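Novice:
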Amino acid sequence: MSNTRPTPKLDEQDIIYSTFNGEDSFSKTIKCTYFLIVLFSEGNGVHFIDDHEYPINRHQLHFLFPGQHHHWETGPGTIAQQIVVGKKVFEEFLGINELFFIKHNLHPVFKFNEDIHQSVCREMKAIEHDLRLLQIDKNWKSIIHMRMNILSSMMKQEAEEHIDRSLLVKLPQVVRQFWSLIQEHYKMQKTIYWYAERLCISPNYLNILCKKSLNISASEMLDRRVLQDAKQQLRFSDKTIKEIGFDLGFKSLASFSTFFRKKTSFSPSQYKE
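Residue numbers (numbering that gives the first Met the number 0): 0 to 272.
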């Protein structure tokens, strides 16, 4: 079987489930405008993501961020299911911060053991089932989003293990110390100068080390940690948006709203709703 699959058309809050089996030549390299999760239960072939080649094997989960390019060529015996996620649903993912670091360090493939594979497979099939029910009853939307949270939590756990096992241990000591300082002080300290001063290096050199080690800037590392907490509080706390902004160290509601909109394209109130 050979085809060129069109780019899915979906709203920012949509979720689409599909499967494909056997040989599939998705040969047109496309730029994703969505988040893509593909679980290969069985398979062989190659998945090309941003000019990097990733061999396809059984019990693998591949994921792509909006803005990335990809195509694949699968072999016979491939069994896969995929979920395409709109931008707003993707922004709600509990593990987005960890996945962000994985993405920027060229590791968009998780290899699962049998138990984890079965668990992820069940959640994806449950999402397929609930999407059918959603066509009959719109109240299933909240249940689907809860299932997506479960799926993203599984991915978060795998990402954390990779960060601890394969990423942090390879980083220069200064970058590891910067990582730790962020976790402790991100609410009240928003300038890279403050962190660089405590590490006894210049902000410019800290930025160079982060880019060289993690492919992202020092300020982006800090912003991602703040954003992760902001999303958690907006979704799960009873605080007002103003209270959340002050808790995260912003001096005004306006400055918090500007930061959040710049990073997500949504206002805090839109995200909370």
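Virtual Cβ for every residue (Gly too), placed ideally from N, Cα, C. Nothing here was measured: the structure is a model prediction, and the numbers come from that model.
Tell me whether Tyr204 sits in a helix, a strand or coil according to DSSP, three-state version.
Specialist: Looking at Tyr204 - three-state DSSP - the assignment turns out to be helix.
Novice: What's the C-alpha gap between Lys261 and Ile14?
Specialist: In a straight line, the C-alpha of Lys261 is about 24 Å away from that of Ile14.
Novice: Under three-state DSSP, which class holds Phe34?
Specialist: If DSSP states are grouped into helix, strand and coil, Phe34 belongs with the strands.
Novice: Look at the alpha carbon of Ser165 and the alpha carbon of Ile101, and state the distance between them as a whole number of angstroms.
Specialist: Those two C-alpha atoms are separated by around 10 Å.
Novice: Compute the Euclidean distance between the alpha carbons of Pro107 and Glu157, then round it to the nearest angstrom.
Specialist: Taking the straight line from one Cα to the other gives about 11 Å.
Novice: Using only the alpha-carbon positions, how far apart do Glu91 and Leu35 sit?
Specialist: So the alpha carbons of these two residues sit roughly 14 Å apart.
Novice: Around the C-beta of His116, are 16 or more other C-beta atoms found within 10 angstroms, so that it is buried, or is it exposed?
Specialist: His116 comes out buried.
Novice: Nearest-angstrom Cα distance between Gly44 and Glu196?
Specialist: Roughly 49 Å between the two C-alpha positions.
Novice: Does the beta-carbon distance from Leu133 to Lys140 come in below 8 Å?
Specialist: Yes, the pair counts as a contact, with Cβ atoms nearer than the cut-off.
Novice: Please classify Ala253 as buried or exposed, where buried requires at least 16 other C-beta atoms within 10 Å of its C-beta.
Specialist: Exposed.
Novice: Please report the straight-line C-alpha distance between Ile78 and Glu22, rounded to a whole angstrom.
Specialist: Each residue's alpha carbon lies about 9 Å from the other.
Novice: Nearest CA to the CA of Thr18: which residue from Lys189, His70 and Gln81?
Specialist: The shortest C-alpha separation from Thr18 is found at Gln81.
Novice: Taking buried to mean at least 16 other C-beta atoms within 10 Å of its own C-beta, is Gln231 buried or exposed?
Specialist: Exposed.
Novice: Less than 8 Å between the beta carbons of Ser118 and Met153, yes or no?
Specialist: Taking 8 Å as the Cβ cut-off, Ser118 and Met153 qualify as a contacting pair.
Novice: Could you pull the start and end residues of the beta strand (DSSP E) that His70 belongs to?
Specialist: Per DSSP, His70 belongs to the beta strand (DSSP E) from His68 to Thr73.
Novice: Using CA coordinates, which residue listed in Phe235, Phe62 and Leu226 is at the minimum distance from Gln255?
Specialist: With the sequence shown as reference, residue 255 is identified as Phe, and Gln is not the correct amino acid for it. Taking only the C-alpha atoms, the option nearest Phe255 is Leu226.
Novice: Could you pull out every residue in the same chain whose Cβ sits closer than 6 Å to the Cβ of Lys30, ignoring the five residues on either side in sequence?
Specialist: For Lys30, where only same-chain residues beyond five positions count, the Cβ hits under 6 Å are His68.
Novice: Between Asn96, Cys199 and Asp49, which lies nearest to His70 when the distance is taken from Cα to Cα?
Specialist: Among Asn96, Cys199 and Asp49, the Cα nearest to that of His70 is on Asp49.
Novice: Using the DSSP secondary-structure output, state which residues sit across from Ile15 in a beta bridge.
Specialist: Answer is Val83, bridged to Ile15.
Novice: Within 10 angstroms of the Cβ of Ser264, are there 16 or more other Cβ atoms? Answer buried if so, exposed if not.
Specialist: It counts as exposed.
Novice: If Tyr16 and Leu130 are in contact, beta carbons under 8 Å, what's the gap, nearest whole angstrom?
Specialist: Yes, Tyr16 and Leu130 are in contact; Cβ-Cβ is about 6 Å, under 8 Å.
Novice: Along the chain, where does the alpha helix (DSSP H) that runs through Leu150 open and close?
Specialist: Leu150 -> alpha helix (DSSP H) spans Trp139 to His161.
Novice: Could you have a look at Gln172 and say whether DSSP puts it in helix, strand or coil?
Specialist: Reduced to three states, the DSSP call for Gln172 is helix.
Novice: Going by beta carbon distance, what residues of the same chain come within less than 7 Å of Glu292, once the five residues before and after it are set aside?
Specialist: Lying outside 0 to 272, the shown extent of the chain, residue 292 is not represented and no answer is given.
Novice: Based on the DSSP output, what are the partners of Ala59 in its beta bridges?
Specialist: Just to set this straight, residue 59 is Gln in the shown sequence, not Ala. BP columns for Gln59 point to Phe39 and Lys110.
Novice: Quick check on Phe99: does DSSP put it in helix, strand or coil?
Specialist: Helix at Phe99.
Novice: Can you grab the Cα-Cα spacing for the pair Val37 / Cys199, in whole Å?
Specialist: Rounded to the nearest angstrom, the two C-alpha atoms are 44 Å apart.
Novice: Need the endpoints of the alpha helix (DSSP H) that Pro267 sits in, please.
Specialist: Its alpha helix (DSSP H) spans residues Pro267 to Lys271.
Novice: Let's test the definition: count the other Cβ atoms within 10 Å of the Cβ of Met147 and tell me whether it reaches 16, buried, or not, exposed.
Specialist: With 16 or more other Cβ atoms within 10 Å, it is buried.
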